[in-house]
Amino acid sequence: MAKYNLNINGKARQVDVDPATPMLWVLRDHLDMPGTKYGCGIAQCGACTVHLNGTAVRSCQLPVSAVANEAITTIEGLSEKGDHPVQKAWLEHDVAQCGYCQSGQIMSAASLLKSNPNPSDEDIESAMSGNICRCGTYLRIRDAIKTAAKK
Amino acid sequence: MENIKTKYNRRSFLKSSALAGGGLMLTASWFASAKAADKMEALNLPDQWNELTGYIKIMPDNVVKILCPNPEFGQNVMTSLPMIIAEELDVDWKNVVVEMGPHDNVKLGPQFTGGSNSVRMYWKPLREAGAAARNMLCQAAAQTWGVPVSEVTTKAGIISHASGKSAKYGEMAGKAATLEVPKGIGLKAPKDFAIVRKPTKNVEGQKIVTGKPLFGLDYRADGMLIAMIQHPPAFGMKLKSFDAAEALKMPGIKEVVSLKMYEDGFEQGGFDTRTFNDLLVVVGKSTWEVMNARKKLKVQWEPIGDIKETMAGRGGKREVVVPGGLESTSTQMEKMQEYAQKPAQQLRKDGDPETAFKNAALVIERTYTAPFLAHNCMEPMNFFANVTAEKAVVAGPLQAPGWAEPTLSKLLNLPPEKIEIQMTRMGGGFGRRAYAQYMYEAALISQKVKAPVKLIYSREDDMTYGIYRPMYTATYRAALDANKNLIAFHVKGGGIPENPVHANRFPAGAVDNYLAEGWQIPSNITIGAFRAPRSNFNAAAEQSFLDELAEAMGKDPIEMRMEMLERAAKNPVGKNNDYDAARYAGVLKLVRDKSGWKGGKDGKYNRGVAAYFCHNSYAAHVVDMVTRNGEPYVERVFSAVDCGVVVNPDAATNMVQGAVVDGIGNAFYGGLVHKDGAVQQTNFDKYRLIRNQEAPKSIEVHFVENDIDPTGLGEPPFPPVFGAVANALYKTTGKRHYQQPFKPESASS
Numbered sequence: 002m003a004k005y006n007l008n009i010n011g012k013a014r015q016v017d018v019d020p021a022t023p024m025l026w027v028l029r030d031h032l033d034m035p036g037t038k039y040g041c042g043i044a045q046c047g048a049c050t051v052h053l054n055g056t057a058v059r060s061c062q063l064p065v066s067a068v069a070n071e072a073i074t075t076i077e078g079l080s081e082k083g084d085h086p087v088q089k090a091w092l093e094h095d096v097a098q099c100g101y102c103q104s105g106q107i108m109s110a111a112s113l114l115k116s117n118p119n120p121s122d123e124d125i126e127s128a129m130s131g132n133i134c135r136c137g138t139y140l141r142i143r144d145a146i147k148t149a150a151k152k
Numbered sequence: 009m010e011n012i013k014t015k016y017n018r019r020s021f022l023k024s025s026a027l028a029g030g031g032l033m034l035t036a037s038w039f040a041s042a043k044a045a046d047k048m049e050a051l052n053l054p055d056q057w058n059e060l061t062g063y064i065k066i067m068p069d070n071v072v073k074i075l076c077p078n079p080e081f082g083q084n085v086m087t088s089l090p091m092i093i094a095e096e097l098d099v100d101w102k103n104v105v106v107e108m109g110p111h112d113n114v115k116l117g118p119q120f121t122g123g124s125n126s127v128r129m130y131w132k133p134l135r136e137a138g139a140a141a142r143n144m145l146c147q148a149a150a151q152t153w154g155v156p157v158s159e160v161t162t163k164a165g166i167i168s169h170a171s172g173k174s175a176k177y178g179e180m181a182g183k184a185a186t187l188e189v190p191k192g193i194g195l196k197a198p199k200d201f202a203i204v205r206k207p208t209k210n211v212e213g214q215k216i217v218t219g220k221p222l223f224g225l226d227y228r229a230d231g232m233l234i235a236m237i238q239h240p241p242a243f244g245m246k247l248k249s250f251d252a253a254e255a256l257k258m259p260g261i262k263e264v265v266s267l268k269m270y271e272d273g274f275e276q277g278g279f280d281t282r283t284f285n286d287l288l289v290v291v292g293k294s295t296w297e298v299m300n301a302r303k304k305l306k307v308q309w310e311p312i313g314d315i316k317e318t319m320a321g322r323g324g325k326r327e328v329v330v331p332g333g334l335e336s337t338s339t340q341m342e343k344m345q346e347y348a349q350k351p352a353q354q355l356r357k358d359g360d361p362e363t364a365f366k367n368a369a370l371v372i373e374r375t376y377t378a379p380f381l382a383h384n385c386m387e388p389m390n391f392f393a394n395v396t397a398e399k400a401v402v403a404g405p406l407q408a409p410g411w412a413e414p415t416l417s418k419l420l421n422l423p424p425e426k427i428e429i430q431m432t433r434m435g436g437g438f439g440r441r442a443y444a445q446y447m448y449e450a451a452l453i454s455q456k457v458k459a460p461v462k463l464i465y466s467r468e469d470d471m472t473y474g475i476y477r478p479m480y481t482a483t484y485r486a487a488l489d490a491n492k493n494l495i496a497f498h499v500k501g502g503g504i505p506e507n508p509v510h511a512n513r514f515p516a517g518a519v520d521n522y523l524a525e526g527w528q529i530p531s532n533i534t535i536g537a538f539r540a541p542r543s544n545f546n547a548a549a550e551q552s553f554l555d556e557l558a559e560a561m562g563k564d565p566i567e568m569r570m571e572m573l574e575r576a577a578k579n580p581v582g583k584n585n586d587y588d589a590a591r592y593a594g595v596l597k598l599v600r601d602k603s604g605w606k607g608g609k610d611g612k613y614n615r616g617v618a619a620y621f622c623h624n625s626y627a628a629h630v631v632d633m634v635t636r637n638g639e640p641y642v643e644r645v646f647s648a649v650d651c652g653v654v655v656n657p658d659a660a661t662n663m664v665q666g667a668v669v670d671g672i673g674n675a676f677y678g679g680l681v682h683k684d685g686a687v688q689q690t691n692f693d694k695y696r697l698i699r700n701q702e703a704p705k706s707i708e709v710h711f712v713e714n715d716i717d718p719t720g721l722g723e724p725p726f727p728p729v730f731g732a733v734a735n736a737l738y739k740t741t742g743k744r745h746y747q748q749p750f751k752p753e754s755a756s757s
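Line by line, the protein sequences are chains W and L. For the record, in the first sequence the residue sitting at position 104 is 105 according to the numbering used here, with numbers rising by one throughout. For the record, in the second sequence the residue sitting at position 534 is 542 according to the numbering used here, with numbers rising by one throughout.
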């Protein structure tokens, strides 16, 4: 066990955990932030996507010991009032069915738009293919990203 | 339907609920039972809610809270069911707050999410609840104003009278709550619908996009421990012995325990699937710690042999022998081929198919197979349980709380009134969560370790723990006369461990000589309902076969089906045909028109069509395929659905689009392989699910417009996707595909 000082959603948080613990479980079990989802544990489904210094990463493969004081952003901290353009576009297109994968989808989409504000259809499909949606809402995910890109 | 009056004395209710004040309270059980009174108090209503019927509460400030009876797994019931109440109640949807109801089959009905039944089953009761509440509010206003109730009108939550008097619902709620629930109130004509049929946003949308804790896996309680089960590495194996010394030394670990789920002779309910009965459980403080400790267990497994199960489900009490042995997909395939040759159970026979086949000018015979499929809900199975000697509180994702409660009660030796089941939002269901085994496990673990626990399946557990879509095969035969007329049709289907054939479905009723037969092979690999059970295979096989048949008859595949359906409508063969031939033809006509169907080609697109009836609804798709990077790719889809009144059109469209994507994915890649009882696909690196770039560019969804009471939607659009994909694949590659998945070479990503 070791103590880590983390910077999560702009706030300093401290945890005392096994250094190998993935950020996914640090967030969910130790910091009571369950917006980041467990789907596969092997970086195949994208449900656990968070931002590390603004870039999408799979938190199930990110040990707490590798984070140091780099900025972690989770779905809970993507915007203060839940009004990030991607979140708003998700509501406008009523994307979700079960909703479980959507925080990961939204974090991937926000990261994509940050690095590529006007993505082509191919850019979107390629960037979003690491996030599985079992309900099959992919068409709405694409549409919502295009709407968010306009704002 | 009967309205039971459960009279509450205002004072005694307020006293027992410790309410500070607020309006009058009336409780009325919509689903008749005297037990309503006990359940009512457990609701713990907040101050000032006036409850009108089981589903509706109205605040003095006009906010209307509507309880959703059925658990939500993405099919939009938390929005669409309250819309139905709000429609008849005549309120402004903006003032509606929706909350998931507690498990209470007395007050809230069957509460089963599955079988595409939620909207269908609740359509009438919910309309009646809304209409009754509206009538009570009108009566309250009429009494207050001293006018006849017939002169009182409502509009979007406001009650008015020609004299100029008007009041918000909230102002009359207290008085209304003292009235008896009326019977036989008239319902709106569909032309007057103001909420139903209007696209309405998901009521939990904001919570979903901000990551609020909605799901079972997000559930937390003080002092809660995490539990994980180490299950055998293969079906046909069980726990022999274990050494937990190393695991117990790991940080955060509290206990390692073994326990038995069902004792010998335990009467299992119809949905109590027994996958692994001897549980080896690691309990600790956090998920990561438990996952790591579990790897340190030293376990001996042994073959299980035949198991006798006592089932007491809908079919009555019976003994079932589950065979022992380690099964492999290759041997299962051989066994299916062997059974397919044996005499089978006759399910339906019209005319004289034997003679017709003997006299045929041409007989076409094709055999189709499909593998086991894992549900792969994005949220793995999990459940919270806190079981004490006095009470059990369980919370998590569950499709059928009403089926699970009796078994849980027996397993825990606690009466149902001491069991509280809370239903969280589900991260997918697809049928999997109708089997509550994981809930029983959580409860038994909590009882054993005497602590609140949350049982979590890892993805690997979830994929290898059983309850799959069965493995199926079917052989179709058609007899044509010298003029290429269809004179006989024969389907003989079987599976492991169930027979898929729906004997009374189309084309039964459309062919003079018809024979349907079925068989099954017992297995220790557990199975369960998977989005449109049996139909999801039948539609693939039969609709591919009909395509091939149309080609042999020299007919357009849509026209050929239309002719057969016309026959079935005008002069049906046999009895008990379970579909409406006119509605079936209706979706084909709609998809033909909307897709501009002119045969199997449209510009660059190779087209496949299929239609199917299941779960009381009709669906047809035209799938447009191209070759992209050397691979067949479904670029465009047109869908037509007849499910009667569409309650929430935008969400319904989303559901159909999702079903199409799901269907394409499973048709191309879906499949679970066993080797010596061990599942070969353990996670998404080996079990391929369809991804964003493989989904079509467009899926255009059209609904048949009619005023028929709504029927199912979650399942019906799914099965025909398989057939349409197979038929487009033939146009694209020139080869017929008889075995799913159609892209086995790329089945692992």
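Where a beta carbon is used, it is the ideal one built from N, C-alpha and C, also for glycine.
Supposed close pair residue i, residue j - CB separation, criterion 8 angstroms
i: L/Tyr123; j: L/Leu116; result: Here residue 123 of chain L is Gly; the residue named in the question, Tyr, does not match the sequence. With 8 angstroms as the limit, L/Gly123 and L/Leu116 do not qualify as a contact, their Cβ atoms being about 17 angstroms apart.
i: L/Gly277; j: L/Asn532; result: Wrong, their Cβ atoms sit about 19 angstroms apart, outside the cutoff.
i: L/Gly224; j: L/Ala486; result: L/Gly224 to L/Ala486, Cβ: 48 angstroms. No contact.
i: L/Leu233; j: L/Pro240; result: Not really, about 24 angstroms apart at Cβ, beyond 8 angstroms.
Residue i, buried or exposed, once every other Cβ within 10 Å from all chains shown has been counted against 16
i: L/Glu96; result: buried
i: W/Asn54; result: exposed
i: L/Gly722; result: buried
i: W/Ala21; result: exposed
i: L/Arg636; result: exposed
i: L/Gly213; result: buried
i: L/Val157; result: exposed
i: L/Glu413; result: buried
i: L/Asn493; result: exposed
i: L/Glu550; result: buried
i: W/Met24; result: buried
i: L/Lys583; result: exposed
i: L/Arg433; result: buried
Simplified DSSP state of residue i, which is helix, strand or coil
i: L/Glu556; result: helix
i: L/His629; result: strand
i: L/Tyr347; result: helix
i: L/Trp131; result: helix
i: W/Arg59; result: strand
i: L/Arg467; result: helix
i: L/Asn614; result: strand
i: L/Asn390; result: strand
i: L/Gln238; result: strand
Beta-bridge pairing of residue i - partner residues as DSSP gives them
i: L/Phe621; result: L/Tyr626
i: L/Asp358; result: L/Tyr522
i: L/Ser174; result: L/Ser168
i: L/Lys597; result: Per DSSP, none; premise fails for L/Lys597.
i: L/Ala648; result: L/Ala628, L/His710
i: L/His682; result: L/Val687
Please list the residues of the stretch 289-315 of chain L that have a C-beta atom closer than 9 angstroms to any C-beta atom in chain W, keeping them in chain order.
-> Of all residues in the stretch 289-315 of chain L, Lys293, Ser294, Thr295, Trp296, Glu297, Met299, Asn300 have a Cβ within less than 9 angstroms of some Cβ in chain W.
Cβ-based contacts, 9 angstroms cut-off: residues of the stretch 363-394 of chain L near chain W | Within the stretch 363-394 of chain L, the residues whose Cβ lies closer than 9 angstroms to any Cβ of chain W are, in chain order, His383, Asn384, Cys385, Met386, Glu387, Pro388.
With 8 angstroms as the C-beta to C-beta threshold (strictly closer), list the residues of the stretch 664-691 of chain L near chain W in chain order.
-> Answer set for the stretch 664-691 of chain L: Gln665, Gly666, Ala667, Val668, Val669, Asp670, Gly673, Asn691.
What residues in the stretch 646-663 of chain L have a beta carbon less than 8 angstroms from any beta carbon of chain W?
-> Against chain W - using a Cβ distance shorter than 8 angstroms - the residues of the stretch 646-663 of chain L are Asp658, Ala659, Asn662, Met663.
Along the stretch 212-233 of chain L, what residues have a CB closer than 9 angstroms to any CB found in chain W?
-> Taken in chain order, the members of the stretch 212-233 of chain L whose beta-carbon sits within less than 9 angstroms of a beta-carbon on chain W are Glu212, Gly213, Gln214, Lys215, Ile216, Val217, Thr218, Gly219, Lys220, Pro221, Leu222, Phe223, Leu225, Asp226, Tyr227, Arg228.
Members of the stretch 450-467 of chain L near chain W, C-beta cut-off 7 angstroms = Of all residues in the stretch 450-467 of chain L, those with a C-beta nearer than 7 angstroms to a C-beta of chain W are Ser466, Arg467, reading in chain order.
Contact residues within the stretch 2-27 of chain W, judged by C-beta distance below 9 angstroms to chain L | Residues Met2, Val18, Asp19, Ala21, Thr22, Pro23, Leu25, Trp26, Val27.
Cβ-based contacts, 9 angstroms cut-off: residues of the stretch 128-140 of chain W near chain L = Correct list: Ala128, Met129, Ser130, Gly131, Asn132, Ile133, Cys134, Arg135, Cys136, Gly137, Thr138, Tyr139, Leu140.
Under 8 angstroms (Cβ pairs) to chain W, residues found in the stretch 258-278 of chain L = Residues are counted here when their Cβ sits less than 8 angstroms from a Cβ of chain W; for the stretch 258-278 of chain L these are Pro259, given in chain order.
Scan the stretch 106-119 of chain W for residues whose Cβ lies nearer than 8 angstroms to a Cβ of chain L and list them as they occur along the chain.
-> The residues in question are Ile107.
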